[in-house]
Amino acid sequence: MKSMRKDGLILSIFSKKFLFEKEVLNVKSEKDRVEIMRILSKAMVDDILKEHINFLHIPAISDFTLKHVINILFKEIANEWISYAIEELKYSKDDALEELQMKGRVKFIHEVADDYLKHYKEYLYENIAHSFIELLASISSSSPRVKFVNAIINSKLIANRSVLGINSFDQLAKKIKQAKHIKSTSLSDLKIKISDIKNEIASGTIKKDRHEALESILPTYVEKYKKIENTKLEEFDGSLKRVKLAIFNSLKTEFYKT
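For the sequence shown, the numbering used here begins at 10 and goes up steadily by one.
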């Protein structure tokens with residue numbers, strides 16, 4: 010049951026995009042909009058729509074589609090309204106849904122969702138393209154998924170494969186192996202360096218200035234380790250990076266039609 014009707018505020022929220030964003034989505038800047046789309050894009054690729062847009066989980070190339078994306082964006086934004094109405098306006102869930110279903114409000118939220126997809130779809134495409142690299146890194150040449158990889162390589166998702174010189178999984182498997190080796194070697198070297206520094210500090214046999222110098226430099230090596238650990242595999246090989254970019258560009262330019 011509503012504790013109090015706040016018609017003026019609600020009318021404004023559903024007629025002024027900037028107010029809807031401020032009140033419901035807690036958006037105060039462009040940075041906030043980007044962060045919202047980053048979060049939603051990752052959620053869609055990793056979970057909500059993984060069987061349609063995440064290459065690790067798509068059963069077949071024919072199952073790849075972007076058609077569900079706008080509906081999920083609408084649903085997530087509508088859910089934010091419901092949470093706002095319950096928490097800030099002290100409405101029941103039924104009352105929040107009732108307000109949402111009033112004339113023009115579903116259309117309004119669809120327009121907000123359309124706007125976010127139009128301006129920030131690159132974050133979604135980045136996650137989709139990266140999932141192809143994750144797929145490559147997760148399988149061997151004996152995997153039944155190799156057939157699926159080859160279908161992607163020879164689809165419109167990689168429109169310029171002849172320019173890239175990539176025609177099959179075997180070629181990319183070599184690149185993945187090299188990238189993994191470079192990354193693991195870099196991490197291993199840094200791990201040894203960090204361990205050596207820590208051991209020398211803990212030894213108690215070094216002079217004060219040496220001790221201070223080591224303590225000063227240690228965070229730098231730790232930060233380098235974390236940075237490399239979080240670096241995506243395609244950053245270690247130019248061919249993988251170009252393949253990912255090819256998929257990204259096919260999606261971005263709408264060359265690949267759903």
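Heads up, the beta-carbon is just placed ideally off N, CA and C, and yes, glycines get one too.
Burial state of residue i (16 or more Cβ within 10 Å)
i	result
M111	exposed
K186	exposed
V172	exposed
I48	exposed
N35	exposed
L181	buried
K184	buried
N136	buried
I19	buried
H128	exposed
A211	exposed
E32	buried
A255	buried
S152	exposed
I226	exposed
A188	buried
S38	exposed
A105	buried
G247	exposed
E221	exposed
M10	Here M10 scores only 43 on pLDDT, less than 50, and its place in the model should not be relied on; the value that follows carries that caveat. So M10 counts as exposed.
Residue i versus the options, residue with shortest Cα-Cα distance
i	options	result
E224	S212, K207, G213 and N239	K207
H190	I67, F245 and L20	F245
E89	K261, L109, N258 and F178	L109
K253	D198, S71 and R170	R170
S197	E238, I210 and K184	E238
E131	I210, I148, I215 and I45	I45
F27	K15, R42 and L260	R42
D179	Y100, A146 and H128	A146
E29	I62, S50, K59 and I86	One point to set straight first is that residue 29 is Phe, not Glu, in the sequence displayed. Closest option to F29, Cα to Cα, is I86.
S71	A105, V158, E32 and G113	V158
S164	N176, T240 and E209	N176
I167	K261, I22 and E60	K261
K25	F257, G113 and I162	G113
Which of helix, strand or coil DSSP assigns to residue i
i	result
V43	helix
I256	helix
Q110	coil
M10	Residue confidence is low: M10 scores 43 on pLDDT, short of 50, so the model does not pin down where it sits. Its coordinate-derived value is still stated next. Coil at M10, not helix or strand.
I67	coil
I57	helix
F27	helix
V36	coil
S21	helix
I161	helix
L98	coil
Could you say if the region 185 to 205 and the region 232 to 250 meet the contact criterion of at least three C-beta pairs nearer than 8 Å? Contact between the region 185 to 205 and the region 232 to 250 is present, because at least three Cβ pairs lie under 8 Å.
Does the count of Cβ pairs from the region 90 to 101 and the region 50 to 68 closer than 8 Å reach three? Counting Cβ pairs under 8 Å, fewer than three are found: no touch.
Any contact between the region 129 to 144 and the region 46 to 61? By contact I mean 3 or more CB pairs, one from each, below 8 Å. Yes: at least three Cβ pairs fall under 8 Å.
Specify whether the region 120 to 133 and the region 69 to 86 touch according to this definition: at least 3 beta carbon pairs, one from each stretch, less than 8 Å apart. With contact defined as three or more Cβ pairs closer than 8 Å, the region 120 to 133 and the region 69 to 86 are in contact.
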